[in-house]
Every structure is written in C-alpha cells, then in structure tokens.
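Visitor: Protein chains in written order, with the numbering used here: chain A, 7 to 122; chain B, 37 to 150.
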Amino acid sequence: ETGVTQTPRHLVMGMTNKKSLKCEQHLGHNAMYWYKQSAKKPLELMFVYNFKEQTENNSVPSRFSPECPNSSHLFLHLHTLQPEDSALYLCASSQTGQGRGYNEQFFGPGTRLTVL
Amino acid sequence: AQSVTQPDIHITVSEGASLELRCNYSYGATPYLFWYVQSPGQGLQLLLKYFSGDTLVQGIKGFEAEFKRSQSSFNLRKPSVHWSDAAEYFCAVGAQGGSYIPTFGRGTSLIVHP
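1. Which runs of the beta strand (DSSP E) fall wholly inside the segment 14-53 of chain A and span at least 3 residues, in chain order?
2. Could you tell me the distance, in whole angstroms, from the CA atom of Leu82(A) to the CA atom of Ala53(B)?
3. When you check each C-beta in the segment 60-89 of chain B against every C-beta of chain A, which residues fall closer than 9 Å?
4. Using a C-beta cutoff of 8 Å, does Tyr136(B) count as contacting chain A?
5. Report buried or exposed for Glu30(A), applying the criterion of at least 16 other Cβ atoms within 10 angstroms of its Cβ.
6. So for Lys85(B), helix, strand or coil by DSSP?
7. Does Phe140(B) come within less than 8 Å of chain A when only Cβ atoms are used?
8. I need the DSSP call for Gly79(B), collapsed to helix, strand or coil.
9. Can we say the segment 60-78 of chain B touches the segment 122-140 of chain B, given the rule of at least three CB pairs closer than 8 Å?
10. Using 8 Å as the Cβ pair cut-off and three pairs as the minimum, do the segment 87-105 of chain A and the segment 35-46 of chain A touch?
11. By a C-beta neighbour count over all protein chains shown, 10 Å radius and 16 as the cutoff for buried, is Val10(A) buried or exposed?
12. If you run the structure through DSSP and keep just helix, strand and coil, what is Gln38(B)?
13. So which of Ala45(A), Lys47(A) and Leu80(A) has the shortest CA-CA distance to Gln60(A)?
14. With a CB to CB cut of under 6 Å and the five nearest residues on each side skipped, what residues in its chain are close to Thr41(B)?
15. Going by DSSP, what residues sit across from Tyr63(B) in a beta bridge?
16. In whole angstroms, what is the alpha-carbon distance linking Thr91(B) and Met52(A)?
17. Per DSSP, what kind of secondary structure is Ile96(B) in: helix, strand or coil?
18. Only counting the same chain, and skipping five residues up and downstream in sequence, which positions put a Cβ closer than 7 Å to that of Val121(A)?
19. Cα-Cα, which of Tyr86(B), Ile96(B), Val117(B) and Pro115(B) is closest to Glu102(B)?
20. Give the DSSP bridge partners of Tyr72(A), in chain order.
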C-alpha cells in the first residue's frame, strides 16, 4: 500500500449503531487530519493529531471520537449519529516543518458515510 | 490567521479552450500555496504548490499557477482543457513560520463541454 488509505470506502449505518473509520498513512508523516466534506459546503477540519497528540478539535460533537494510536494510524469512532452527519470523511497526513516539501497534505480517497 | 477566497463557484469551458481558476489569499507574510483537484467521490490530489523562488509553478496534468504577491493571488491555468479535467478544484494557503495546518477555499467546480 502506498500513500493514504481509508476503510471502509462506503458505510451505511443507523442512528443507534457504532462504527469506526480507519485511516493509515504509509508516508512517514507525523501529522494526521480528519475532514468532513458535505455537499455544497466547504471542507470542515474536524481533528488534528501531531506526533499522536491531538492539537485541534474544531467544536466537533462528542458523537465523533478520534483515536490516534501511532503516527501512522488514525481512527474516527462513530456512535448515535444523525442524518446530517452523512458526508464524505477524508483523512489526510503531512510532514510538519518549515521549507519546501513540508505541510502539503496528502489525502485518502475518503469514506462515504450515510446515516439512516 | 490566513484565509483564501475562490470567487467562482462554477466555471464552464469547452473542451480545448483555455482555463483560469482564481484564488486570492490573505496572509501577512510569504505563504505556502497549493492547488488540489478532487474527482467525484475521491480524495484531493495535489496539482502543484508554491513555496518560494520562481513565481510560475508547473504542476501535473499540464497545469500551472502564478504567484502574484502584489495581487495576493495564485491563479491556476491550463492552455487546453480536456473532458477529464472536469472536477472540483481547491486552493489552499499555509503559513510559513506559522501554523502547519493549511486553510482551504470553498472550491471551484469545473464543467467541461464537448
């Protein structure tokens, strides 16, 4: 595997289910991100981890729970979601620093989530 | 903090025509600048980036962008558009010496007519 991978690619869940999204990066980066992309809305940054420590939580509801066990893996645990949470969830990674080649984000293909 | 504006929500061009997508940024110092492309149902792919040096940047798929500090712009261009270029295009700005998290524009949807 190369780059950033996400599983599953598609997920349909009921409002009472619990599921998890997985992201893995094979680029040796130290920072990982979760974004939400809804139709007709801009990209929404949800969470940021740098060296496994959460550095950003942009007022995301507690029904979304991130986990970063190491710099290569990122999870998004979902429970009691609402239909308005249906969206494309994108994972990204980057190497933080100063200079050319730093801070450009590499994205996974996303998980298309539908909440019934 | 930095910000970025993509003034055009949709752009329609004919196949073979030239293309320019606009991006304006706000940042007090020299920024990192990026253009990404997103095909339907896919993640974002980096087309090109500016860090320093030559203000005309060449990218993949025949795209280029020019950094104009005086106009706070980083417009994306392509001399001849192909039907496969139809996608969503995002401009992003990062802060050199500041936060490592880039700020994304709202995106421009490119429609290509045959």
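Note that beta-carbon positions come from the ideal geometry of N, C-alpha and C, so glycine has one too.
Since this is a predicted model, take the numbers as computed values, not measurements.
Guide: Short version:
1. Qualifying beta strand (DSSP E) stretches, in chain order: 16-19, 24-31 and 37-43.
2. Taking the first residue of the first sequence as position 1, residue 82(A) is located at position 76. Taking the first residue of the second sequence as position 1, residue 53(B) is located at position 17. About 42 Å.
3. So the close ones are Tyr68, Phe70, Tyr72, Gln74, Gly77, Gln78, Gly79, Leu80, Gln81, Leu82, Lys85, Phe87, Ser88 and Gly89.
4. Indexing the second sequence from 1 puts residue 136(B) at position 100. So yes, Tyr136(B) belongs to the interface.
5. Translated into positions along the first sequence, residue 30(A) becomes position 24. Glu30(A) should be labelled buried.
6. Within the second sequence, residue 85(B) is the residue found at index 49, counting from 1. Strand at Lys85(B).
7. Walking along the second sequence from the start, residue 140(B) turns up at place 104. So yes, Phe140(B) belongs to the interface.
8. Within the second sequence, residue 79(B) is the residue found at index 43, counting from 1. Note: Gly79(B) maps to coil in three-state DSSP.
9. They touch, by the three-pair rule.
10. With a cut-off of 8 Å on Cβ pairs, the segment 87-105 of chain A is in contact with the segment 35-46 of chain A, counting three or more such pairs.
11. As a working mapping, residue 10(A) is identified with position 4 in the first sequence. The residue is buried, with at least 16 neighbouring Cβ atoms inside 10 Å.
12. Residue 38(B) sits at position 2 when you count from the first residue of the second sequence. In the structure shown, Gln38(B) adopts coil according to DSSP, grouped into three states.
13. Counting from one through the first sequence, the residue named residue 60(A) turns up at place 54. If you compare the alpha carbons of Ala45(A), Lys47(A) and Leu80(A) with that of Gln60(A), the shortest gap goes to Leu80(A).
14. Along the second sequence, one-based indexing puts residue 41(B) at 5. Excluding positions up to five away in sequence, the list reads Asn60.
15. The count along the second sequence starts at 1 and reaches residue 63(B) at position 27. DSSP output for Tyr63(B) lists no bridge partner at all.
16. By one-based count along the second sequence, residue 91(B) stands at place 55. By one-based count along the first sequence, residue 52(A) stands at place 46. So the two alpha carbons sit approximately 32 Å from each other.
17. Counting from one through the second sequence, the residue named residue 96(B) turns up at place 60. Here Ile96(B) carries a helix assignment [DSSP, helix/strand/coil].
18. Locating residue 121(A) in the first sequence gives position 115, where the first residue counts as 1. Cβ neighbours of Val121(A) beyond the five flanking positions: Met19, Met21, Leu87, Gln88, Pro89, Asp91 and Ser92.
19. As a first step, residue 102(B) is located in the second sequence; it is residue number 66 there, counting from the start. Here the closest residue by C-alpha is Tyr86(B).
20. Sequence index remark: in the first sequence, residue 72(A) carries index 66 (1-based). A small fix is needed here, since residue 72(A) is Pro in this sequence, not Tyr. Under DSSP, Pro72(A) shares a beta bridge with Leu82(A).
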